[in-house]
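All residue numbers for the sequence shown refer to our numbering, where the first residue is 44 and numbers rise by one. Each residue gets a CB set at the ideal place from its N, CA and C atoms; glycine is no exception. Structure first, then comments.
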Amino acid sequence: MIKYCPTCNRSSDEARFIGEFCEFCIIDKIKATLPKVIKIRRCKVCGSIRDSKGFTEYSDEAMSDAISQQFHMPNSKIRFKGLDESKKIAELHISYELSEGGVGFNYPISIKFTKEMCPSCYRRSAGYYEAILQLRGSDRNVAKFLDSFNPFLIRGNAFVSKTEEMGNGIDMYISDKKLVSGYFALHKILKPKVSYKLYGVKKGKKLYRHIYSLTV
Ligand SMILES: [Zn+2]
Ligand SMILES: [Zn+2]
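So this is what it looks like as structure tokens:
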């Protein structure tokens with residue numbers, strides 16, 4: 044028996060029906076409930092996106108996750124397909140499950156990005172450090188050590204917030220003390236002198252900076 048859509052009068056010969064209505068009218072109904080603009084938190088320095096896991100490096104997956112968080116649509120799957128950066132319009136593909144069947148459609152949406160800083164960029168800009176490495180030795184030996192040490196810091200996602208020339212070497216202010224001690228655990232031949240300096244208390248826990256003195 045041929046059905047006719049009560050909204051647009053299309054017949055079931057022309058369009059797929061989901062329950063009483065044709066697929067097109069179902070999609071229009073869903074679209075009418077969707078937001079036209081959403082706000083996405085984005086770091087203005089590194090471009091990372093705040094998704095369900097925290098600030099995450101920008102990717103299609105991170106955008107899909109962050110956008111899905113804003114939609115509050117339990118029966119749907121939202122996939123981010125691309126962004127027109129100048130117009131700030133994202134193209135989405137939305138799959139929606141109804142009890143009578145599923146529909147899928149493309150949906151463009153305006154995105155407002157916040158202009159905030161992620162915690163890691165904030166710490167970087169605030170000169171955050173947990174360790175000081177007092178590195179001493181000839182220019183050649185210092186350079187040789189840094190050829191191995193600096194890539195290790197980068198791989199571990201740490202940063203050097205300040206470097207001071209000291210005449211017979213340098214002082215490096217480093218964001219992550221665990222990573223520095225990890226480096227020396229891997230290179231046991233280097234035996235830095237380590238001291239600790241209390242610099243604060245966080246949630247009842249004393250915070251210490253590690254100071255490594257190393258002659259190479
Ligand atoms: Zn219809
Ligand atoms: Zn950032």
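Residue i versus residue j: straight-line alpha-carbon distance, rounded
i, j, result
"Pro117", "Cys161", "28 Å"
"Lys205", "Val244", "23 Å"
"Glu173", "Pro151", "45 Å"
"Val259", "Leu178", "7 Å"
"Ser54", "Phe67", "12 Å"
"Leu257", "Ile213", "10 Å"
"Lys124", "Glu159", "24 Å"
"Glu208", "Asn184", "15 Å"
"Gly147", "Ser107", "15 Å"
"Lys131", "Gly97", "22 Å"
"Ile81", "Leu250", "39 Å"
"Tyr239", "Leu229", "21 Å"
"Asp127", "Thr99", "20 Å"
"Phe192", "Ala169", "23 Å"
"Tyr171", "Ser224", "17 Å"
"Leu233", "Arg85", "41 Å"
"Lys79", "Ser129", "17 Å"
"Pro235", "His115", "53 Å"
Spatially closest choice to residue i from the options, by CA coordinates
i, options, result
"Asn211", "Phe67, Ala186, Cys51, Ser181", "Ser181"
"Asp94", "Met215, Pro235, Gln113, Lys87", "Gln113"
"Ile154", "Ser138, Glu134, Arg167, Gly170", "Glu134"
"Gly144", "Ala201, Phe156, Ile61", "Ile61"
"Arg167", "Phe202, Tyr139, Glu207, Ser224", "Phe202"
"Ser111", "Leu77, Lys130, Cys86", "Leu77"
"Leu222", "Asp190, Leu196, Ser119", "Leu196"
"Thr157", "Lys87, Thr99, Phe64, Arg183", "Lys87"
"Cys89", "Val80, Gly97, Lys96, Tyr101", "Tyr101"
"Leu176", "Asn52, Lys46, Thr50, Val237", "Val237"
"Asp103", "Lys187, His136, Ser119", "His136"
"Phe188", "Tyr171, Phe227, Ser163", "Phe227"
"Ile217", "Arg85, Asn52, Ser163", "Ser163"
"Leu141", "Ser119, Asp127, Leu126", "Ser119"
Residue i and residue j closer than 8 Å at C-beta
i, j, result
"Ala109", "Ile83", "yes"
"Ala105", "Ile92", "yes"
"Tyr139", "Ile73", "yes"
Exposure of residue i, with buried meaning 16 or more beta-carbon neighbours within 10 Å
i, result
"His253", "buried"
"Leu241", "exposed"
"Pro194", "exposed"
"Met215", "buried"
"Cys48", "buried"
"Tyr255", "buried"
"Cys65", "buried"
CB-CB length for residue i against residue j, believed under 8 Å
i, j, result
"Asp219", "Gly199", "6 Å"
"Ile45", "Asp56", "6 Å"
Any chain C beta carbon closer than 8 Å to residue i
i, result
"Ile232", "Among the chains of the structure shown, chain C does not appear; only one protein chain is present."
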